[in-house]
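Encoded as structure tokens, the structure appears first; notes follow it.
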Amino acid sequence: DGGITQSPKYLFRKEGQNVTLSCEQNLNHDAMYWYRQDPGQGLRLIYYSQIVNDFQKGDIAEGYSVSREKKESFPLTVTSAQKNPTAFYLCASSSSLLDGTANEAFFGQGTRLTVV
Amino acid sequence: GDSVTQMEGPVTLSEEAFLTINCTYTATGYPSLFWYVQYPGEGLQLLLKATKADDKGSNKGFEATYRKETTSFHLEKGSVQVSDSAVYFCALGYTGRRALTFGSGTRLQVQP
């Protein structure tokens, strides 16, 4: 089945550590995104990528980094510079942004990151 | 800039009641509009969408009509079930733009 896989589902990090969240899609989508969701709040865009080897900062990129070396993969690293990393992280993908209509995003199941 | 405003929740209804969740938007152009649903501990799933004014999106008994004159995309369902309990997000997007813009979400609780 086609879809987006995020791993792990739960992740615990000690303060001062970097951690990497995995996101893989087999939908052949060009565009991929990372969002952060805090309790009772909406989604905030961290980074997005429209094509391999290219990515752009979203609204809250500070303390995060990404790479897009393969079309299928868009890992997110939460660095020690992120002051408040405890949150639910959602990865999404969509088909080309340039084909005439705004395309819906398909989401993974999320990773819940907790700093201990 | 673009933004999406949703009614605050939680919205608490009894089973078989009529549901309306309000969504209004501010946009610089002519966006497509979406409703997503999120069940506890999961990602978001597309519920329905509309790409132009006066379009009606529908799915699983839910409906929403793209109203350009009132910049609204209210979600409705005639008879809710306990299984509809979730958080609902309204969103907008454009061709060639970076990502969808989401509202803050509205939690729906349906009681038996």
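Listed in order, the protein sequences are those of chains X and Y. Everything in the first sequence is counted per this note's numbering, starting at 244 for the first residue and increasing by one. Everything in the second sequence is counted per this note's numbering, starting at 681 for the first residue and increasing by one. We put the CB at the ideal spot given by N, CA and C, even for glycine. Please read all numbers here as calculations on a predicted model, not as lab measurements.
Check, Outcome
"6 Å CB neighbourhood of residue 725(Y) in its chain, flanking five on each side removed", "717"
"Residue-level contact to chain B via CB, residue 697(Y), 8 Å cutoff", "The structure shown contains no chain B; its protein chains are X and Y."
"Contacting residues, own chain, Cβ-Cβ under 6 Å from residue 737(Y) (five flanking each side not counted)", "728, 729, 730, 744"
"Minimum C-alpha distance to residue 279(X) - residue among 304(X), 314(X), 322(X), 324(X)", "304(X)"
"Three CB pairs or more closer than 8 Å across the region 266 to 276 of chain X and the region 309 to 316 of chain X", "yes"
"Cβ shell of residue 276(X) (< 6 Å), same chain only, five flanking positions each side left out", "291, 335"
"Buried or exposed by the 16-neighbour rule on C-beta atoms within 10 Å, applied to residue 714(Y)", "buried"
"Exposed unless 16 or more other CB atoms sit within 10 angstroms - verdict on residue 347(X)", "buried"
"Within-8 Å CB hit, residue 268(X) to chain Y", "no"
"Euclidean distance between Cα positions of residue 752(Y) and residue 746(Y)", "6 Å"
"Interface positions of the region 283 to 295 of chain X facing chain Y (Cβ-Cβ less than 9 Å), listed along the chain", "283, 284, 285, 286, 287, 288, 291, 293"
"For residue 739(Y), the nearest candidate out of 755(Y), 732(Y), 748(Y), 733(Y) (CA to CA)", "755(Y)"
"Alpha-carbon to alpha-carbon, residue 783(Y) and residue 286(X)", "8 Å"
"Of the listed residues 719(Y), 768(Y), 707(Y), nearest to residue 749(Y) (C-alpha basis)", "707(Y)"
"DSSP-derived helix/strand/coil call for residue 762(Y)", "helix"
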